[in-house]
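Trainee: Just dropping this structure here.
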Amino acid sequence: MNGTSIDIRRRNFLKASAAVGGGLILGFYVPSRGAEIAAAQVPPPAVEPNAWIRIDSNGNITILVAKAEMGQGVYTSMPMLIAEELEVNWDKIRVAPAPAAPVYKHTVFGVQVTGGSTSVSSSWDQLRTVGATMREMLILTAAKQWGVAPETCQAKMGLVKHSASSREADYGSLAEQAAKMSVPQNVTLKDPKDFKIIGKAVPRLDTPEKIDGSGLFGLDVRILDMLIAVVARSPVFGGTVKSIKDDQAKKIPGVKIVAQVPTGIVVAADDFWSAKQGRDALEIVWEEGEGAQLSTEALREQYAELAKAPGAVAHKEGDAGQALSGAAKQLEGVYEVPYLAHACMEPLNCVVDLREDRCEIWTGTQFQGGDQNAAAAVAGLQPEQVKINTMLLGGGFGRRANPHSDFVVEAVQVAKALKKPVKVIWTREDDMRGGYYRPLWYSKLAAGLDEEGKPVAWTHRIVGQSIIAGTAFEEAMIQNGIDGASVEGAADLPYAIPNLLVDLHSPKNLVPVQWWRSVGHSHTGFVVESFIDELAAAAGKDPYEFRRNLLAAHPRHLGVLELVAKQAGWGQAPPAGRSRGLSVHASFGSWVAQVAEVSVDKNGQISVHRVVCAVDCGRVVNPDTVKAQMESGIIFGLSAALFGEITLKGGRVEQSNFHDYPVVRLDESPEVDVHIVPSSERPTGVGEPGTPPIAAAVANAVFAATGARVRRLPMTADRVKEAMKAM
């Protein structure tokens, strides 16, 4: 494979918007208010060659990262892409968050956002070209100074060298003049065989600041004259304030302002506890509206009724109905998954300093571009008058990429009402009950096997809310009544089944929903891989061999399937008292297979002891990051599989904190063994693909242990016992 030539004009990513500086040079934004924050930012270096790279006189290099760092490692993987082509020592690299600006928009989505497990894949060419461009500018600068041909110079380890004359210059000494040069129109990227950084396990750049406490999350931000506010929101979705008495709230020491905003009643104080006590003292009568009628059981009944009739066709091959009626053996199954909260460790928060001619925001956000536009609309400003400081995120999982920018919009509304700089904080209970969940899903499946146990028909009817309907993405992403995010992982079934039908109902209600880690794959991964396991059992076939025979046309599915089976010892007896379950699923351009090793006690309690995972995500930038993300996705998915459930009664969310919405804790965590398939293909996603397979792998292991199928999540002990009784 030869080096790749990239046309800068075509990619156009080095053009900085006039709104943030113009031309090649783009100054890094330092907040204008708040000594605490300004002091904590990386100090401005001497030279800022372009929108992505800053080089000081000592040759230290700061790379601005436009993606949000929420634990997934972009503050390391993004700099690795640039550093590889720039030819520098890794220990010279520093990292800082990029401001919100058009130059940093996502190369695919067209807006500055972190999501869809696309950070590396969307930046693969872009940031490597950034590094290669700066490398060429430094070489051209040195060659001009020395009066030699550029092709006789070489960049290596932070130096430009001219071997014939034994001259060399470090990047720091060249940067100022390089910044004045015209940007080269074409650069050549490295041949992957020459990579020195990409593909290596390098230390994460954000680890030290998270260990010593110097890294700033949204909750850490304080600016001058800031009040801290909490909002009393309707306990029922869609509810509004009918009446309020606030005299007792105003008596709480420290409470400064009580005001009404579109989302409810805000109480602002000198500190969080005073604000919360003030809110607790409010006497609010809510006009609850039709949202008060919502309940989980009523929704389940509604969805089951909808599933009796055909929906909008998402995928059709052959004649599934006819093939099913003529099958030697027929199977049916109903699968259900609940609403799920994102349950980020750091609850939502946002600091806003709103002035007549500008607005400055500090928050942990995945959606800088959308939030900037939404904040500007509320503030009555132009987007370029809104400056967003992206802080470290204490978890995102999609919640901080809200398509309506809900928590940012609310904070700007609060600042507008208070006419003071403000930090709006959501408590854990606010966050858990505040909406925007992974939807509740109901799946009705049927399949037919021939006399040899081969599947001849498969139907899958899906019922659940669209996360795209009502957003700015609806026109582009909903086609012929199908929200692609609702059926992904089901409409693109990889198994060789000749007659297929997947259809969809998208009912509407007042429960706010949005993407949750792995989006539609979070439910289809569980449903499809559980039901295919049911087919294997009905056919009397080994689950691994059954899948393997049906995936002959999908080599990358087969690659992870075969690797995970080998590493898990599939076909060999598991340790005494344990059983194994298998699952394989493709999402976000990557392929993941998992084997879960579990035990089930007499009371139906599941213990997951070990998970073996194989992943094919194309060329790997940092293998440590890939392994960490697989581990993270497995634990996240396992929490949902065993515990996660948001339920509604009387229109109210019943869960409030980790005591009734538990996550997997350290003593419940399995041993996780991750194996990466070597690949020279383009990089694909790793942040989300580890989540979809785990629930099915566990459920299939429970079947292997007990003979019982658990088709409704979470797999509580009661539901396992219920399934065992139904055998």
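For the sequence shown, our numbering assigns the number 79 to the initial residue and increments by one for each residue that follows. In this text, a Cβ means the ideal position worked out from N, Cα and C, and glycines have one as well. Keep in mind the model is a prediction, meaning the values are calculated, not measured.
Three-state secondary structure (DSSP) at residue 219?
Mentor: If DSSP states are grouped into helix, strand and coil, residue 219 belongs with the helices.
Trainee: To the nearest angstrom, report how far apart residue 460 and residue 504 are at their CA atoms.
Mentor: Computed Cα separation, rounded: 27 Å.
Trainee: How many Å lie between residue 814 and residue 223 at the Cα?
Mentor: Lying outside 79 to 805, the shown extent of the chain, residue 814 is not represented and no answer is given.
Trainee: Assign residue 743 to one of three DSSP states: helix, strand, or coil.
Mentor: Residue state, collapsed to three classes: coil.
Trainee: Could I get the ranges of all uninterrupted alpha helix (DSSP H) runs contained in the segment 394 to 427, with 4 residues as the minimum, in chain order?
Mentor: Entirely contained in the segment 394 to 427, the alpha helix (DSSP H) runs reaching 4 residues are, in chain order, 398 to 403.
Trainee: So, for residue 602: in the same chain, excluding its five sequence neighbours on each side, which residues have a beta-carbon less than 6 Å away from its beta-carbon?
Mentor: For residue 602, where only same-chain residues beyond five positions count, the Cβ hits under 6 Å are 567, 568.
Trainee: Per the contact definition of three or more C-beta pairs closer than 8 Å, is the segment 724 to 744 in contact with the segment 307 to 316?
Mentor: With the cut-off at 8 Å, the segment 307 to 316 and the segment 724 to 744 touch.
Trainee: Assuming contact is defined by CB atoms lying nearer than 9 Å, are residue 591 and residue 739 in contact in what I supplied?
Mentor: The answer is no: Cβ separation not under 9 Å.
Trainee: So residue 525 and residue 487 are in contact, right, with Cβ under 8 Å, and what is the actual spacing, rounded?
Mentor: Residue 525 to residue 487, Cβ: 45 Å. No contact.
Trainee: On a Cα-Cα basis, can you pick out the residue from 203, 142, 183, 670 that is closest to residue 699?
Mentor: When only C-alpha atoms are compared, the closest one is 203.
Trainee: In whole angstroms, give me the CA-to-CA distance for residue 676 and residue 159.
Mentor: When rounded, the distance between both Cα atoms is 39 Å.
Trainee: Under 7 Å Cβ to Cβ from residue 200, same chain only, skipping five residues before and after it: list those, please.
Mentor: Excluding residues within five positions, the ones whose Cβ falls inside 7 Å are 184, 185, 186.
Trainee: Which whole-angstrom value is the C-beta distance of residue 343 and residue 319, which I expect to be below 8 Å?
Mentor: Yes, residue 343 and residue 319 are in contact; Cβ-Cβ is about 6 Å, under 8 Å.
Trainee: Flag this pair as yes or no: are the beta carbons of residue 353 and residue 582 separated by less than 9 Å?
Mentor: Contact: no.
Trainee: What residue from 556, 147, 552 has the CA that sits closest to residue 285's CA?
Mentor: For the residues 556, 147, 552, the minimum Cα distance to residue 285 belongs to 147.
Trainee: By alpha-carbon positions, which one of 686, 295, 172 ends up nearest to residue 138?
Mentor: Answer by Cα proximity: 172.
Trainee: Could you give the residue range of the alpha helix (DSSP H) that holds residue 701?
Mentor: Run containing residue 701: 701 to 720, per the alpha helix (DSSP H) assignment.
Trainee: Just to confirm the assignment, what range does the alpha helix (DSSP H) spanning residue 358 have?
Mentor: Looking at the DSSP string, the run of the alpha helix (DSSP H) that includes residue 358 is 350 to 358.
Trainee: Leaving out the 5 sequence neighbours to the left and right, which residues in its chain are closer than 7 Å to residue 216 when beta-carbon positions are compared?
Mentor: Same-chain partners within the cutoff: 233, 238, 249, 252, 256.
Trainee: If you measure between the beta carbons of residue 605 and residue 684, is that distance less than 9 Å?
Mentor: Cβ atoms of residue 605 and residue 684: not closer than 9 Å.
Trainee: Smallest Cα separation from residue 674: which of 642, 682, 179?
Mentor: The candidate whose alpha carbon is nearest that of residue 674 is 642.
Trainee: Tell me the rounded alpha-carbon separation between residue 804 and residue 787.
Mentor: When rounded, the distance between both Cα atoms is 9 Å.
Trainee: How big is the Cα-Cα spacing for residue 782 and residue 656?
Mentor: Computed Cα separation, rounded: 9 Å.
Trainee: What did DSSP end up calling residue 264 once you bin it into helix, strand or coil?
Mentor: Correct three-state label for residue 264: strand.
Trainee: In the DSSP output, what is residue 501 paired with across the bridge?
Mentor: DSSP output for residue 501 lists 306, 429 as bridge partner(s).
Trainee: Within 10 Å of its beta-carbon, does residue 608 have 16 or more other beta-carbons around it, so buried, or fewer, so exposed?
Mentor: By the 10 Å Cβ count, residue 608 comes out buried.
Trainee: Can you tell which of 409, 623, 322 has the C-alpha that lies nearest to the C-alpha of residue 636?
Mentor: The shortest Cα separation from residue 636 among 409, 623, 322 belongs to 623.
Trainee: Can you look up residue 748 in the DSSP assignment and give me helix, strand or coil?
Mentor: Three-state result, residue 748: coil.
Trainee: My parser needs the alpha helix (DSSP H) runs of 4 or more residues fully inside the segment 634 to 679; what are they?
Mentor: Taking only runs of at least 4 residues, no alpha helix (DSSP H) segment lies wholly in the segment 634 to 679.
Trainee: Between residue 141 and residue 269, what straight-line distance do the alpha-carbon atoms span, to the nearest angstrom?
Mentor: Straight-line Cα distance between these residues: approximately 23 Å.
Trainee: Since residue 287 and residue 293 are thought to touch, with beta carbons under 8 Å apart, how far apart are those beta carbons, to the nearest angstrom?
Mentor: Going by Cβ atoms, the distance from residue 287 to residue 293 rounds to 3 Å, so yes, they are a contact pair.
Trainee: Excluding sequence positions up to five away, which residues of its chain have a Cβ less than 6 Å from the Cβ of residue 717?
Mentor: Excluding sequence neighbours, residue 717 sits near 741, 742.
Trainee: Residue 285 by DSSP, collapsed to three states: which one?
Mentor: Helix.
Trainee: Under 8 Å from any heavy atom of the ligand ADP, does the C-beta of residue 784 make it?
Mentor: This structure simply doesn't include the ligand ADP, nor any ligand for that matter.
Trainee: Please state whether DSSP places residue 626 in a helix, a strand or coil.
Mentor: Reduced to three states, the DSSP call for residue 626 is helix.
Trainee: Hey, quick one: how far does the alpha helix (DSSP H) through residue 799 stretch, first residue to last?
Mentor: Per DSSP, residue 799 belongs to the alpha helix (DSSP H) from 795 to 803.
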